[in-house]
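Numbers given in the numbering used here equal positions in the sequence shown, counted from 1, plus 649.
Ideal Cβ placement from N, Cα and C applies to all residues, glycine included.
Report on the following structure.
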Amino acid sequence: MKIGADALGVSKKDAIKIVSLVIVTYCLLGVLLDWVFDRDLVAWYYYLVKGVFFGVFFSLVFYFFIKKMTKGILLKLDLPLGEGEVLEAYGVANLFLKGQAIGGKLGITQDYLLFHSHKFNFTKKTVRIAFADVQTIQPCRTLGVIDNGLKVKLADQECRFVVNDRAKWMELLQVKLK
């Protein structure tokens, strides 16, 4: 069973948060730079209009760039299964490990949570987590803003995944942990 879309995405609510953050940051940087370099500060709407145009433009360019770059890559990626293993569910995901984001696919087999990176990562990695070793699985936020993360706690480490349709992943993983 496939979970989510073929590329990582964000909800409309999270997209609005991101665009708003870019707009506010751009406006504040514009005011700060004008003030630091002794330029006359102009009307507030000057910064706001520039911020809105930049925020919308930057977000659209970034969105279409990511869509184009990830479209065919993840469709071709197969998860390496052991002999006798059956893939019950899978979807695209990012793994955050030691401060590095690694893109690839996440899958659920009868005994394991399996992540395999795609070829465009610097770090080629396959992570196989036995459900028997998992202490807890909790939802978390990516960058403290976007509600699409999963935190898997083991006895000796913690793995964070960014997934589409987090509720479905949580539902399937909670069944596996029982």
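Sort the options by Cα distance to residue i and report the nearest one.
i	options	result
residue 757	705, 776, 670, 687	776
residue 767	752, 711, 732	752
residue 772	746, 808, 708, 810	746
residue 750	819, 672, 808	808
residue 667	762, 738, 728, 796	796
residue 786	679, 710, 804	804
residue 702	674, 686, 691	674
residue 812	789, 681, 737	789
residue 664	697, 686, 704, 774	704
residue 826	779, 814, 697	779
residue 800	817, 821, 744	744
residue 818	782, 738, 748, 711	738
residue 712	748, 781, 661	661
What's the call for residue i, buried or exposed, on a 16-neighbour Cβ count within 10 Å?
i	result
residue 694	exposed
residue 791	buried
residue 684	exposed
residue 700	buried
residue 688	exposed
residue 810	buried
residue 677	exposed
residue 742	buried
residue 798	buried
residue 740	buried
residue 762	buried
residue 709	exposed
residue 682	exposed
So, helix, strand or coil for residue i, using DSSP?
i	result
residue 674	helix
residue 688	coil
residue 793	coil
residue 717	helix
residue 804	coil
residue 769	coil
Whole-angstrom Cβ separation of residue i and residue j, contact assumed at under 8 Å?
i	j	result
residue 802	residue 784	5 Å
residue 735	residue 759	6 Å
residue 755	residue 764	5 Å
residue 671	residue 707	6 Å
message: Going residue by residue through the region 722-763, where are the continuous beta strand (DSSP E) segments of at least 3 residues, counting only ones entirely within it?
response: For the region 722-763, whole beta strand (DSSP E) runs of length 3 or above, ordered along the chain, are 738-746, 749-757.
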